[in-house]
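S.K.: In the UniProt record's numbering, the protein residues as written are 1 to 67.
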Amino acid sequence: MGADHSKPSSLIQCTEEMEAYVKCVEAKTAESGGLRDGEECEKESEAYRECRRMAKEVKNAINRQRL
Numbered sequence: 001m002g003a004d005h006s007k008p009s010s011l012i013q014c015t016e017e018m019e020a021y022v023k024c025v026e027a028k029t030a031e032s033g034g035l036r037d038g039e040e041c042e043k044e045s046e047a048y049r050e051c052r053r054m055a056k057e058v059k060n061a062i063n064r065q066r067l
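1) Give the straight-line distance between the Cα atoms of residue 66 and residue 56, rounded to the nearest whole angstrom.
2) Per DSSP, what kind of secondary structure is residue 17 in: helix, strand or coil?
3) Taking the alpha helix (DSSP H) that residue 57 falls in, what are its first and last residues?
4) Going by DSSP in three states, residue 26 sits in which element: helix, strand or coil?
5) Straight-line CA distance for residue 32 to residue 24?
Listed below in structure tokens is the structure:
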């Protein structure tokens, strides 16, 4: 009870970005047996990191409004 209600719900879940990254990693792994240099799914990874950064900013803004 209490802990779930005291945290603001994340407005940005980044589910699509995470799924795109996982799909990329799975495809690269299936093709070559693992990720190699230059095949790290950088575009997908960066999109996920950017989404998480934005989600953190939103969460912090919500927390500041509550003060």
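Using N, Cα and C, we set each Cβ at its ideal position, and we do this for glycine too.
M.R.: Reading off the structure:
1) Between residue 66 and residue 56, the C-alpha separation is close to 15 Å.
2) Looking at residue 17 - three-state DSSP - the assignment turns out to be helix.
3) Start and end: 42-66.
4) Note: residue 26 maps to helix in three-state DSSP.
5) Cα-Cα distance, rounded: 12 Å.
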